[in-house]
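*Asks:* Using our numbering, you'd call the opening residue of the sequence shown number 272 and step up by one each time.
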Amino acid sequence: MKVVIFAGGVGTRLWPLSRKTTPKQFEKIIGDESMLQIAVRKLFPLFKWEDIYISTGKDYEDLVTKQLPKLPRQNIILEPEMRDVGPAVGLITAIFKKRFPDEPFVILWGSDHLVKEEKVFRNALSAGEKVIKDNPRKIVFIGQKPRFASQNVGYIEFGEEIKRIDEIPVFAFEGFKYRPHLSVAENFLKDGKHAWNLGYFITTPKFLWELFESLSPNLFLSLEKINKAVDAKDYDDVLNETYPKIEKISFDNAILEQLDKKYGNVLSVDIGWSDVGAWEALKEALSQSEEENVTKGKVLIEDSRDSLVFNYTNQLTVGIDLSEMLVINTEDVVLVCPKTSVPKIKKLVESLVGTPNESLT
Numbered sequence: 272m273k274v275v276i277f278a279g280g281v282g283t284r285l286w287p288l289s290r291k292t293t294p295k296q297f298e299k300i301i302g303d304e305s306m307l308q309i310a311v312r313k314l315f316p317l318f319k320w321e322d323i324y325i326s327t328g329k330d331y332e333d334l335v336t337k338q339l340p341k342l343p344r345q346n347i348i349l350e351p352e353m354r355d356v357g358p359a360v361g362l363i364t365a366i367f368k369k370r371f372p373d374e375p376f377v378i379l380w381g382s383d384h385l386v387k388e389e390k391v392f393r394n395a396l397s398a399g400e401k402v403i404k405d406n407p408r409k410i411v412f413i414g415q416k417p418r419f420a421s422q423n424v425g426y427i428e429f430g431e432e433i434k435r436i437d438e439i440p441v442f443a444f445e446g447f448k449y450r451p452h453l454s455v456a457e458n459f460l461k462d463g464k465h466a467w468n469l470g471y472f473i474t475t476p477k478f479l480w481e482l483f484e485s486l487s488p489n490l491f492l493s494l495e496k497i498n499k500a501v502d503a504k505d506y507d508d509v510l511n512e513t514y515p516k517i518e519k520i521s522f523d524n525a526i527l528e529q530l531d532k533k534y535g536n537v538l539s540v541d542i543g544w545s546d547v548g549a550w551e552a553l554k555e556a557l558s559q560s561e562e563e564n565v566t567k568g569k570v571l572i573e574d575s576r577d578s579l580v581f582n583y584t585n586q587l588t589v590g591i592d593l594s595e596m597l598v599i600n601t602e603d604v605v606l607v608c609p610k611t612s613v614p615k616i617k618k619l620v621e622s623l624v625g626t627p628n629e630s631l632t
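(1) Just to confirm, are E602 and T588 a CB contact at a threshold of 8 Å?
(2) Using CA atoms only, rank isn't needed, just tell me which of I325, L396, L553, Q559 is closest to L579.
(3) Please classify I497: does DSSP put it in a helix, a strand, or coil?
(4) Between A466 and Q586, what straight-line distance do the alpha-carbon atoms span, to the nearest angstrom?
(5) Would the beta-carbon of I497 fall within 8 Å of that of R354?
(6) Using only the alpha-carbon positions, how far apart do E563 and E551 sit?
(7) Under 6 Å Cβ to Cβ from S493, same chain only, skipping five residues before and after it: list those, please.
(8) How would you call P343, buried or exposed, if buried means at least 16 neighbouring beta carbons within 10 angstroms?
(9) Give me, in chain order, the residues of the same chain whose beta-carbon lies closer than 8 Å to that of T293; leave out the 5 immediate sequence neighbours on both sides.
(10) Output needed for T364: all residues of its chain with C-beta closer than 6 Å, excluding positions within five of it in sequence on either side, in chain order.
(11) Within this structure, are the beta carbons of L593 and S575 separated by less than 8 Å?
(12) Roughly how many angstroms lie between the CA atoms of N489 and K519, to the nearest whole one?
(13) For the putative contact between V391 and I542, defined by C-beta atoms under 8 Å, what is the C-beta separation to the nearest angstrom?
(14) If you drop the 5 nearest sequence neighbours on each side, which residues of the same chain put their C-beta closer than 8 Å to that of L486?
(15) Alpha carbons only, please: which of L606, D303, N600, A549 is nearest the one belonging to N423?
(16) Apart from the five residues on each side of it in sequence, which residues of its chain come closer than 7 Å, Cβ to Cβ, to A456?
(17) Determine, using beta-carbon pairs with one atom in the segment 303-321 and one in the segment 404-414, whether at least three such pairs fall under 8 Å.
(18) Can you list, in chain order, the residues of its chain whose CB lies under 7 Å from that of T351, leaving out five sequence neighbours each side?
(19) Looking only at its chain, what residues have a beta carbon closer than 6 Å to the beta carbon of E573, apart from the 5 residues adjacent to it on each side?
(20) For K295 and G381, what's the separation of their Cα atoms in angstroms?
(21) Does the distance from the C-beta atom of E595 to that of P614 stay below 8 Å?
(22) Between V441 and F412, what straight-line distance do the alpha-carbon atoms span, to the nearest angstrom?
(23) Tell me whether the beta-carbon of Q415 lies closer than 8 Å to the beta-carbon of L379.
(24) Answer yes or no: the CB of S326 versus the heavy atoms of the ligand MG, is any distance below 7 Å?
(25) Using the rule of at least 16 other Cβ atoms within 10 Å of the residue's Cβ for burial, across every protein chain shown, is A500 buried or exposed?
(26) For a test of the three-state rule: what should DSSP assign to D570, helix, strand or coil?
(27) Rounded to a whole number of angstroms, what is the C-alpha to C-alpha distance between P375 and I427?
(28) Return the Cβ separation of G425 and K448 in integer angstroms, given the expectation that the two are a contact with Cβ distance under 8 Å.
(29) Please give me, in chain order, every unbroken run of the beta strand (DSSP E) with length at least 3 that falls completely inside the segment 340-372.
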């Protein structure tokens, strides 16, 4: 089985730590490893280095190589330009269809995800592989059992339990529900028929190739050109000529929203998953309670609650009487804002483009 970790994107919601030159996946946000290194580490011993692939933008090839020196260079799949998730998954499928069409592979969308229950996670991947080996014309979706009524994630709806593989339940697939209102999310939490959609799935290149051909014929025409050039001398030329012209489209719109439910299965498991792609999400993932403060680096806080203070400098960062605040201290930018203002960060960063501070984005 192969596995693909997507490590593209700038990660504006984690600015000022995450920037165009070194996006969040390459930064040591939590501990002494980058998010990409953490994402790869949790795959062992289920996978070997030669079975791990990283999909990223061409500007980040050297960063991937530096952080993952044991990864074979040919296992870095480079997008000439970012064209959204649909074409990115299509590019991987085009390459894998040529090299190993019938071998199951895992898509892990998001190298900035935190998975606390790593053994359960690997067991779920193994169970999914067994399902696909028995049913190669399937997609197995791995979902997180909801811990609370979240409005910030999509949901996978599942039906009856079909079987169990090594204590992992395999359910019938019923469809997707996108970022519901709070009342709906509360019902999802209670009914036991919904899981958070993580963007993790297992299938075969051959079957996913068939889905691109039937469900996204325009995208498929471009992918077919790339597929024919895989491992040929003119691959780079064909890729650089074809890929940037592909229309941006999400994988949901290209494939998943049109997927007949008979082709899906769902594994709903508790892998301790959190999306730490924004500061307030990181606070939720790392704290044991809402009132608890979360700190990193040389930090001193007094009489404070529900705040995150991360210091990436050698200076001491001090906070007094903080409540629901974020303080991010880097060598050249200090961000201070309420947790509720995180959605404004992206717009602020965009406003710096074309100004003397553009280099800080």
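All C-beta atoms in this analysis are idealised placements derived from N, C-alpha and C, irrespective of residue type, glycine included.
*Replies:* From the atom records:
(1) no
(2) L553
(3) helix
(4) 43 Å
(5) no
(6) 13 Å
(7) T513, I517
(8) exposed
(9) L334
(10) P476, L479, W480
(11) yes
(12) 12 Å
(13) 5 Å
(14) A525, I526, Q529, L530
(15) A549
(16) A420, S421, Q422
(17) no
(18) The sequence given here places Pro at residue 351; Thr does not occur at that position. Contacts found: K329, L510, N511, Y514, P515.
(19) I591
(20) 11 Å
(21) no
(22) 10 Å
(23) no
(24) What this structure holds is no ligand at all, so the ligand MG is not there to describe.
(25) buried
(26) Here the sequence assigns Val to residue 570, which means Asp is not the residue at that position. It is a strand residue.
(27) 21 Å
(28) 7 Å
(29) 347-350
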